[in-house]
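So the structure is just underneath, and the comments pick up after that.
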Ligand SMILES: Nc1ncnc2c1ncn2[C@@H]1O[C@H](COP(=O)(O)OP(=O)(O)OP(=O)(O)O)[C@@H](O)[C@H]1O
Ligand SMILES: [Mg+2]
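Chains as they are written, first to last, in my numbering: chain A, 1 to 317; chain B, 1 to 354.
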């Protein structure tokens with residue numbers, strides 16, 4: 001790996017930290033703009049209120065409060081919930097939820113990408129045939145049907161009518177009960193990856209280097225898997241980040257429908273219960289995950305693609 | 001006696017398109033002999049690339065060969081084998097011919113290498129595939145090949161990726177790939193068009209040197225007649241999917257008979273005519289979606305006669321290897337000769353050659 005790549009990764013890392021800091025700042029300002037404080041409970045005495053204010057630093061200047069907020073964030077202390085679980089620390093509310101959400105998200109990305117790539121390859125290789133049309137049809141369905149509708153259909157079909165999977169999330173069967181939500185959540189990924197793979201693959205198959213590879217007398221399998229697929233997959237990495245973001249948004253509704261105890265369903269609950277503090281915390285967690293994913297994908301791309309990884313040499317005549 | 005390696009007869013190729021059937025190649029015939037070079041020249045769209053792609057069996061999927069033969073003669077363990085490539089399946093072509101006995105160098109070196117595979121992998125691939133060469137052996141041979149095509153630091157370059165090399169270097173790599181399985185025929189489809197002038201000359205020289213060293217037969221496509229004079233033994237001039245004149249280099253350059261060839265020669269830039277405006281042949285080639293009545297060149301032909309619009313001229317034998325397809329070569333046709341300016345030019349060329 002060369003120096004410019006290391007520099008790029010370093011720069012990317014710094015950018016991520018700065019972005020996250022700006023987000024924290026915005027969230028903090030939002031929080032200050034929210035009406036009331038966690039402690040405007042009539043039953044509290046003035047002395048108790050002062051004590052609590054002191055504990056959470058609400059008597060200090062705004063600047064100091066922000067500093068304290070960041071410090072607490074770094075320690076994993078997100079403050080307390082207003083209404084869902086009154087005065088309980090949010091970190092406790094989060095508990096194992098983050099893990100479940102990330103697991104189901106990853107499952108969906110992996111499943112969706114694999115199915116999408118396969119569909120796309122079939123469509124590209126059988127370009128302008130019935131297979132291409134079927135694949136395109138699936139993509140259009142995937143894009144146009146909201147994933148929660150799909151989740152409902154799946155739950156009714158394979159949870160109730162043919163009861164293979166639990167209808168609501170069962171923590172004693174974490175894998176089995178995550179299968180339907182994973183499939184539902186991956187529809188958009190499947191559709192978009194398939195469409196993108198198809199167009200990339202068609203372009204690659206049409207390229208000069210594929211013609212040269214063909215002129216070498218290589219067989220079809222080598223042509224597709226050794227020459228075409230690699231170049232197609234590299235470009236697919238570039239659309240993964242936005243896809244994952246879409247997936248995170250979709251997961252909130254899916255979690256609620258399927259009764260998954262993840263942060264998505266917590267978000268829905270917090271919004272309905274007007275629990276600002278929890279909402280803001282979740283916003284922070286979502287942002288952090290998003291920034292992290294973008295960072296990983298970008299770095300991955302720059303490492304995998306030799307055109308970026310390796311700079312031009314002194315290859316002149 | 002000279003050994004005939006390739007013999008193409010009455011080859012005709014069409015493409016199915018959304019607008020109809022394009023008759024891209026309309027009955028061509030030529031031979032390629034061992035160790036010699038045939039140059040195919042002609043304007044853009046005349047069917048040069050389609051012809052050689054047909055030889056390689058890599059026509060795009062909407063193209064099909066209507067009729068004709070491509071007889072390829074080669075040696076397999078002291079045995080002379082003759083195969084009509086038109087009759088071979090795609091699979092047979094891949095297994096026995098493509099890359100192994102007939103190899104190709106494409107026009108644009110910037111795009112003809114796989115951007116995500118190392119140079120070494122791409123050079124070694126063919127030998128491993130066709131001959132089952134071990135990786136170690138293939139690596140050794142690949143380094144030798146890179147040295148042969150004039151790549152310095154070959155060992156190091158094996159691990160480079162295409163984007164790390166200049167256009168000229170990449171074309172050398174493509175040539176190395178083509179040579180990797182010791183082919184009998186090397187097809188070069190405008191191998192220098194995309195390169196700088198100085199590098200063009202070097203690549204051209206490289207191809208000539210290699211041909212001499214390995215005694216392979218070359219089909220060289222170009223629209224630069226200057227290049228033809230340097231590399232070719234025989235020249236085939238293509239127009240609208242037909243060969244309209246062919247012969248030895250001397251016959252074509254010093255005694256051209258077809259008005260189209262006159263036009264091509266007149267439009268060829270040379271050092272002595274820098275100030276003059278370059279000649280261009282007026283008009284455009286015919287649309288091959290339609291049947292072309294008579295001589296396809298007639299509408300652009302200053303010397304066209306009535307019959308040119310009615311009947312297609314046959315190939316007239318005008319002596320030696322020289323054949324030309326124009327009614328002007330008919331014994332009853334009025335005697336017309338090439339433009340005076342071209343005549344002067346040819347005289348000058350002759351003198352220079354002496
Ligand atoms: N895949 C295809 N589909 C339809 N028509 C095609 C296809 N490939 C080639 N043709 C047609 O065949 C004719 C000859 O094309 P070809 O590529 O052989 O030209 P060329 O002589 O190599 O020109 P150039 O000098 O520009 O490379 C053109 O009229 C072109 O439109
Ligand atoms: Mg061409």
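Note that CB positions come from ideal geometry on N, CA and C, so glycine has one too.
This one's a predicted model, so the numbers in the text were calculated from it and none came from an experiment.
Residue-chain proximity (residue i, chain C), Cβ-Cβ < 8 Å
| i | result |
| --- | --- |
| residue 295 of chain B | Annotation note: the requested chain C is absent from the structure, which comprises protein chains A and B. |
Where the beta strand (DSSP E) through residue i begins and ends
| i | result |
| --- | --- |
| residue 103 of chain B | 102-105 |
| residue 21 of chain B | 20-33 |
| residue 75 of chain B | 63-76 |
| residue 333 of chain B | Run containing residue 333 of chain B: none; DSSP gives neither H nor E here. |
| residue 79 of chain B | 79-84 |
| residue 236 of chain B | 234-239 |
| residue 217 of chain B | 217-221 |
The alpha helix (DSSP H) enclosing residue i, as first and last residue numbers
| i | result |
| --- | --- |
| residue 174 of chain B | 167-179 |
| residue 188 of chain B | It is not in any alpha helix (DSSP H) - residue 188 of chain B instead sits in the beta strand (DSSP E) that spans 185-189. |
| residue 293 of chain A | 276-304 |
| residue 281 of chain B | Taken as a continuous stretch (DSSP letters only), residue 281 of chain B belongs to no alpha helix (DSSP H), as it is neither H nor E. |
| residue 243 of chain B | First-last for residue 243 of chain B: 242-248, but that is the beta strand (DSSP E), not the alpha helix (DSSP H). |
| residue 266 of chain A | 263-272 |
| residue 318 of chain A | Residue 318 of chain A lies beyond the stretch modelled for chain A, which goes from 1 to 317, so this question has no answer here. |
| residue 142 of chain A | 130-144 |
| residue 266 of chain B | 259-266 |
| residue 53 of chain B | 48-56 |
| residue 322 of chain A | In the structure displayed, chain A extends from 1 to 317; residue 322 of chain A sits before or after that span and is not available. |
| residue 303 of chain B | Taken as a continuous stretch (DSSP letters only), residue 303 of chain B belongs to no alpha helix (DSSP H), as it is neither H nor E. |
| residue 439 of chain B | Lying outside 1 to 354, the shown extent of chain B, residue 439 of chain B is not represented and no answer is given. |
| residue 150 of chain A | 147-155 |
For residue i, the residue or residues it bridges with in DSSP
| i | result |
| --- | --- |
| residue 9 of chain B | B/69 |
| residue 352 of chain B | According to DSSP, residue 352 of chain B bridges with nothing at all. |
| residue 116 of chain B | Looking at the DSSP assignment, residue 116 of chain B forms no beta bridge with any residue, so it has no partner. |
| residue 16 of chain B | B/21 |
| residue 38 of chain B | B/219 and B/234 |
| residue 317 of chain B | B/323 |
| residue 4 of chain B | B/33 |
| residue 98 of chain B | B/102 |
> Contact between the stretch 257-274 of chain A and the stretch 86-102 of chain A: three or more CB pairs below 8 Å?
Replying inline: yes
> Taking three-plus beta-carbon pairs below 8 Å as touching, is the stretch 216-236 of chain A in contact with the stretch 113-125 of chain B?
Replying inline: yes
> Is the stretch 274-294 of chain A in contact with the stretch 19-33 of chain B, if contact means three or more CB pairs nearer than 8 Å?
Replying inline: no
> Could you give the uninterrupted runs of the alpha helix (DSSP H) lying entirely in the stretch 11-92 of chain A, keeping only those of 4 residues or more?
Replying inline: 46-55 and 62-75
> Of all the residues that make up the stretch 190-210 of chain A, which are near chain B by a beta-carbon distance shorter than 7 Å?
Replying inline: 207, 208 and 209
> Can you list, in chain order, the stretches of the alpha helix (DSSP H) that have 4 or more residues and sit fully within the stretch 137-166 of chain B?
Replying inline: Under the rule that a run must span 4 or more residues, the alpha helix (DSSP H) segments found entirely inside the stretch 137-166 of chain B read 154-157.
>> Under 8 Å, with one C-beta from each stretch per pair, do the stretch 336-352 of chain B and the stretch 258-270 of chain B reach the 3-pair mark?
In response: Yes, they touch.
>> For the stretch 244-265 of chain A, list every residue whose C-beta sits within 8 Å of some C-beta in chain B, in sequence order.
In response: none
> For the stretch 61-72 of chain B, which residues have a CB atom closer than 8 Å to at least one CB atom of chain A, in sequence order?
Replying inline: Of all residues in the stretch 61-72 of chain B, none has a Cβ within less than 8 Å of some Cβ in chain A.
> Can at least three beta-carbon pairs, one atom from the stretch 139-152 of chain B and one from the stretch 97-107 of chain B, be found at a separation below 8 Å?
Replying inline: No, because fewer than three Cβ pairs between the stretch 139-152 of chain B and the stretch 97-107 of chain B fall closer than 8 Å, the two stretches do not touch.
> For the stretch 229-251 of chain B, which residues have a beta carbon sitting closer than 7 Å to at least one beta carbon of chain A?
Replying inline: If the cut-off is 7 Å between Cβ atoms, the stretch 229-251 of chain B has nothing near chain A.
> Relative to chain A, which residues along the stretch 42-59 of chain B have a C-beta separation below 7 Å, given in chain order?
Replying inline: Within the stretch 42-59 of chain B, the residues whose Cβ lies closer than 7 Å to some Cβ of chain A are 56 and 58, listed in chain order.
> What are the residues of the stretch 231-243 of chain A that lie near chain B, defined by any Cβ-Cβ distance shorter than 9 Å?
Replying inline: 231 and 234
>> What are the residues in the stretch 109-126 of chain B lying within 7 Å of chain A by C-beta distance?
In response: 111, 112, 113, 114, 115, 116, 125 and 126
> What residues in the stretch 128-151 of chain B bring their beta carbon closer than 7 Å to a beta carbon of chain A?
Replying inline: 129 and 130
> Looking at chain B, which residues of the stretch 149-161 of chain A have a Cβ within less than 8 Å of any of its Cβ atoms?
Replying inline: none
> Using 8 Å as the threshold, is the stretch 60-77 of chain B in touch with the stretch 169-186 of chain A, meaning 3 or more CB pairs across them?
Replying inline: no
> Counting Cβ pairs, one atom from each stretch, are 3 or more of them under 8 Å apart for the stretch 201-210 of chain A and the stretch 145-157 of chain A?
Replying inline: no
>> My parser needs the beta strand (DSSP E) runs of 3 or more residues fully inside the stretch 204-231 of chain A; what are they?
In response: none
>> Measuring CB atoms only, is the stretch 35-50 of chain B touching the stretch 213-226 of chain B, in the sense that at least three cross pairs come out at less than 8 Å?
In response: yes
> Taking one C-beta from the stretch 163-182 of chain A and one from the stretch 251-260 of chain A each time, how about it: are there three or more such pairs within less than 8 Å?
Replying inline: yes
> Do the stretch 271-288 of chain A and the stretch 79-93 of chain A touch if we need at least three Cβ pairs shorter than 8 Å?
Replying inline: yes
> Along the stretch 211-226 of chain A, what residues have a CB closer than 9 Å to any CB found in chain B?
Replying inline: Across the stretch 211-226 of chain A, CB contacts with chain B closer than 9 Å involve 211, 212, 213, 214, 215, 216, 217, 218, 219, 220, 222 and 226, in sequence order along the chain.
> Pairing CB atoms from the stretch 294-310 of chain A with CB atoms from the stretch 5-20 of chain B, are three or more of them under 8 Å?
Replying inline: no
>> Is it the case that the stretch 310-330 of chain B contacts the stretch 248-261 of chain B, given that we only count it when at least three CB pairs across the two stretches are under 8 Å?
In response: Here the stretch 248-261 of chain B lies against the stretch 310-330 of chain B, with 3 or more beta-carbon pairs under 8 Å apart.
> Do three or more CB pairs link the stretch 242-254 of chain B to the stretch 309-325 of chain B at distances below 8 Å?
Replying inline: yes
> Using Cβ-Cβ distances below 8 Å, what residues of the stretch 161-178 of chain B are close to chain A?
Replying inline: Going along the stretch 161-178 of chain B in chain order, one finds 161, 163, 164, 165, 166, 168, 169, 174 and 177 with a Cβ nearer than 8 Å to chain A.
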